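Only one structure is covered here, and it is reproduced in the block below.
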Ligand SMILES: [Mn+2]
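In this note's numbering, the protein residues as written are -4 to 344.
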């Protein structure tokens, strides 16, 4: 298994045809990374004398209006080549997450996996897995390392990937680099406000009704340190909502004081469950998700469960309790120190 940024750039340079793909049920980071990567390659590695066929693939039945804006006008899922010189997967932690395009990826003789999931299965010839907020951030950093030309349009995509994957910079791997990138975008005078509003103040009424349904099911466990919610596919259709409208609902659990793990279980049409996990503080859920057959990041993870909800809880809750026991509740230190302006001090003067 190779990990070579240099080889990645060489492969991109030398390939006449490239297939870029992301995971099924794509989120904003997945879609934005695909489009940003295509733009970066076109702007930096092609000209009139050396053109490339770059095709984008995503296995998705429907994409929400909000995320649809990212790919508006971009051609998707049209295979212009029988055999591509290079396949690149973005934001995808395992081969199976590519859905029906996993085959295309595997059958392309040269392939690269660019991702930021700690649980990435390194399924490609060249695996570039970064500790970054988002795949978009990883792409931006690669572009900077190689002094690529980065357009404002690419910046808008990168910013979208960063803010959505970090729930507006409140969770995930946020580093000095993440903030540096955002500073660079502010300096470029990119209209970040418009992007913020698009991604965070743009919920449909259907999503609000769906949230109401989910909150109705809210139950607490483990001394109120676990918040559990459930929804069904039927709830989603009754609210006239989409699967993507379920994103973010689980975060409402961790927003509650004292809750360290939030769980949202969505019953699928085949009676299986899609389960999202979130945590805060030092509590992590990635290993819990892996133990349940899924994966993800420290504080954002998910798994799929075939079976009854009661059985799922019976397996999941002990794992959560075990993790919570590692991190007992401690009294929080005061956030602010006002001893210098307390009445006592004033009188001393
Ligand atoms: Mn991502």
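For glycine and all other residues, C-beta sits at the position ideal for the given N, C-alpha and C. Remember, predicted model here, so these are calculated numbers, not experimental data.
**Request:** Could you name the residues of the same chain whose beta carbon sits closer than 7 Å to that of residue 141, not counting the 5 residues immediately before and after it, in chain order?
**Result:** The residue given as residue 141 occupies position 146 in the chain shown. For residue 141, where only same-chain residues beyond five positions count, the Cβ hits under 7 Å are 4.
**Request:** Look at the Cβ atom of residue 111, then the Cβ atom of residue 170, and state whether they are nearer than 9 Å.
**Result:** For this step, residue 111 is matched to residue 116 along the chain shown. For this step, residue 170 is matched to residue 175 along the chain shown. Contact: no.
**Message:** So, for residue 57: in the same chain, excluding its five sequence neighbours on each side, which residues have a beta-carbon less than 7 Å away from its beta-carbon?
**Reply:** Numbered from 1 along the chain shown, position 62 holds the residue referred to as residue 57. Cβ neighbours of residue 57 beyond the five flanking positions: 237.
**Item:** Option nearest residue 259 by Cα separation, candidates 271, 265, 199 and 282
**Value:** As a first step, residue 259 is located in the chain shown; it is residue number 264 there, counting from the start. The option with the nearest alpha carbon to residue 259 is 271.
**Request:** Select from 70, 132 and 9 the residue whose C-alpha is nearest the C-alpha of residue 80.
**Result:** If you number the chain shown from 1, residue 80 lands on position 85. Ranked by how close their Cα comes to the Cα of residue 80, the residues 70, 132 and 9 have 9 in first place.
**Request:** Have a look at residue 256 and residue 162 and give me their C-alpha separation to the nearest angstrom.
**Result:** Here residue 256 is taken as the residue at index 261 of the chain shown, counted from 1. Here residue 162 is taken as the residue at index 167 of the chain shown, counted from 1. So the alpha carbons of these two residues sit roughly 16 Å apart.
**Prompt:** Any chance the CB of residue 335 is under 8 Å from a heavy atom of ligand 1?
**Reply:** Locating residue 335 in the chain shown gives position 340, where the first residue counts as 1. False, no ligand heavy atom lies under 8 Å from that Cβ.
**Request:** Reducing DSSP to helix, strand and coil, say where residue 234 ends up.
**Result:** Position 239 of the chain shown, counting from 1, holds the residue named residue 234. Here residue 234 sits in coil by DSSP.
**Message:** Give me the residue from 242, 223 and 153 with the minimum Cα distance to residue 251.
**Reply:** For the purposes of this step, residue 251 is taken as residue 256 along the chain shown, with counting starting at 1. Of the listed residues, the one whose Cα sits closest to residue 251 is 223.
**Asked** With C-beta atoms as the reference, is residue 156 less than 9 Å away from residue 335?
**Response** In the chain shown, the residue the question calls residue 156 occupies position 161. In the chain shown, the residue the question calls residue 335 occupies position 340. No, the Cβ-Cβ distance between residue 156 and residue 335 is not below 9 Å.
**Asked** CB of residue 160 to nearest heavy atom of ligand 1: below 8 Å?
**Response** Indexing the chain shown from 1 puts residue 160 at position 165. True, at least one ligand heavy atom lies under 8 Å from that Cβ.
**Request:** Specify the secondary structure class of residue 29 as computed by DSSP and reduced to three states.
**Result:** Residue 29 sits at position 34 when you count from the first residue of the chain shown. Three-state result, residue 29: helix.
**Message:** Using a Cβ-Cβ cutoff of less than 6 Å, which residues in the same chain neighbour residue 288 once the five nearest sequence positions on both sides are dropped?
**Reply:** As a first step, residue 288 is located in the chain shown; it is residue number 293 there, counting from the start. Excluding residues within five positions, the ones whose Cβ falls inside 6 Å are 298.
**Asked** Candidates 183, 126 and 83: which alpha carbon is nearest residue 150's?
**Response** Counting from one through the chain shown, the residue named residue 150 turns up at place 155. Per the Cα distances, 183.
**Message:** Just to confirm, is the Cβ distance from residue 217 to residue 136 under 9 Å?
**Reply:** In the chain shown, counting from the first residue as 1, residue 217 sits at position 222. In the chain shown, counting from the first residue as 1, residue 136 sits at position 141. In this structure, residue 136 does not lie closer than 9 Å to residue 217 by Cβ.
**Asked** Looking at C-alpha atoms only, which residue of 18, 264, 7 and 281 is the closest neighbour of residue 121?
**Response** Here residue 121 corresponds to residue number 126 of the chain shown, with the count starting at 1. Taking only the C-alpha atoms, the option nearest residue 121 is 7.
**Message:** One question on the structure: do residue 160 and residue 22 come within less than 9 Å of each other, judged by their Cβ atoms?
**Reply:** To locate residue 160, count along the chain shown from 1; it is residue 165. To locate residue 22, count along the chain shown from 1; it is residue 27. Yes; because the gap between Cβ atoms is below 9 Å, this pair is in contact.
**Asked** Among the residues of its own chain, which have a CB less than 8 Å from the CB of residue 276, if the five just before and after it don't count?
**Response** Taking the chain shown and counting its residues from 1, the one referred to as residue 276 is at position 281. Result list for residue 276: 255 and 322, in chain order.
**Message:** Please state whether the Cβ-Cβ distance between residue 15 and residue 82 is less than 9 Å.
**Reply:** Here residue 15 is taken as the residue at index 20 of the chain shown, counted from 1. Here residue 82 is taken as the residue at index 87 of the chain shown, counted from 1. Contact: yes.
**Prompt:** What's the gap between the Cα of residue 72 and the Cα of residue 103?
**Reply:** Locating residue 72 in the chain shown gives position 77, where the first residue counts as 1. Locating residue 103 in the chain shown gives position 108, where the first residue counts as 1. If you take the alpha carbons of residue 72 and residue 103, they lie about 16 Å apart.
**Item:** Where residue 10 falls: helix, strand or coil (DSSP)
**Value:** Position 15 of the chain shown, counting from 1, holds the residue named residue 10. Residue 10 falls in the coil class under three-state DSSP.
**Request:** Look at the alpha carbon of residue 194 and the alpha carbon of residue 95, and state the distance between them as a whole number of angstroms.
**Result:** The sequence position of residue 194 within the chain shown is 199, counting from 1. The sequence position of residue 95 within the chain shown is 100, counting from 1. For residue 194 and residue 95, the distance between alpha carbons rounds to 28 Å.
**Request:** Figure out for me which residue from 325, 247, 263 and 308 has the closest Cα to the Cα of residue 284.
**Result:** Position 289 of the chain shown holds residue 284. Selected option, being the one with the closest Cα: 308.
**Item:** Assumed close pair residue 300, residue 274 - CB separation to whole angstroms, cut-off 8 Å
**Value:** Working through the chain shown from its first residue, we reach residue 300 at position 305. Working through the chain shown from its first residue, we reach residue 274 at position 279. About 18 Å; that fails the 8 Å criterion.
**Prompt:** Near residue 75, which residues of its chain fall below 8 Å by C-beta distance, leaving aside the five closest residues on each side in sequence?
**Reply:** In the chain shown, counting from the first residue as 1, residue 75 sits at position 80. The answer, listed in chain order, is 12, 48 and 50.
**Request:** With DSSP as the reference, label residue 215 as helix, strand or coil.
**Result:** What you label residue 215 is simply residue 220 of the chain shown in a count that begins at 1. Reduced to three states, the DSSP call for residue 215 is strand.
**Prompt:** Looking at residue 178 and ligand 1, is the gap between the Cβ and the nearest heavy atom below 8 Å?
**Reply:** As a first step, residue 178 is located in the chain shown; it is residue number 183 there, counting from the start. No, the Cβ of residue 178 stays beyond 8 Å of every heavy atom of ligand 1.
**Prompt:** CB residue 109 to CB residue 85, shorter than 9 Å?
**Reply:** Translated into the one-based positions of the chain shown, residue 109 becomes position 114. Translated into the one-based positions of the chain shown, residue 85 becomes position 90. Cβ distance < 9 Å, so residue 109 and residue 85 count as in contact.
**Request:** Return helix, strand or coil for residue 229, following the three-state DSSP convention.
**Result:** Counting from one through the chain shown, the residue named residue 229 turns up at place 234. Helix, per DSSP.
**Request:** Compare the C-alpha of residue 294 against each of 245, 337, 146 and 264 and name the closest.
**Result:** Numbered from 1 along the chain shown, position 299 holds the residue referred to as residue 294. Of the candidates 245, 337, 146 and 264, the one whose C-alpha sits nearest the C-alpha of residue 294 is 245.
**Message:** When you measure from the CB of residue 130 to every non-hydrogen atom of ligand 3, does any distance come out below 8 Å?
**Reply:** This structure lacks ligand 3; its bound ligands are ligand 1.
**Request:** Figure out for me which residue from 33, 62 and 39 has the closest Cα to the Cα of residue 20.
**Result:** Counting from 1 along the chain shown, the entry for residue 20 is found at position 25. Of the listed residues, the one whose Cα sits closest to residue 20 is 62.
**Prompt:** If you draw a straight line from the alpha carbon of residue 143 to that of residue 242, how long is it in whole angstroms?
**Reply:** Within the chain shown, residue 143 is the residue found at index 148, counting from 1. Within the chain shown, residue 242 is the residue found at index 247, counting from 1. The alpha-carbon atoms of residue 143 and residue 242 are separated by roughly 33 Å.
**Distance, residue 93 Cα to residue 44 Cα** = Counting from one through the chain shown, the residue named residue 44 turns up at place 49. Counting from one through the chain shown, the residue named residue 93 turns up at place 98. Taking the Cα positions, residue 44 is about 33 Å away from residue 93.
**Message:** Quick check: the Cα distance between residue 235 and residue 264, rounded to an integer number of angstroms?
**Reply:** Along the chain shown, read from residue 1 onward, the residue named residue 235 stands at position 240. Along the chain shown, read from residue 1 onward, the residue named residue 264 stands at position 269. Cα-Cα distance, rounded: 16 Å.
**Prompt:** Hey, out of 311, 78 and 69, whose CA is closest to residue 34's CA?
**Reply:** By 1-based counting over the chain shown, the position of residue 34 is 39. That would be 69, whose Cα lies nearest to the Cα of residue 34.
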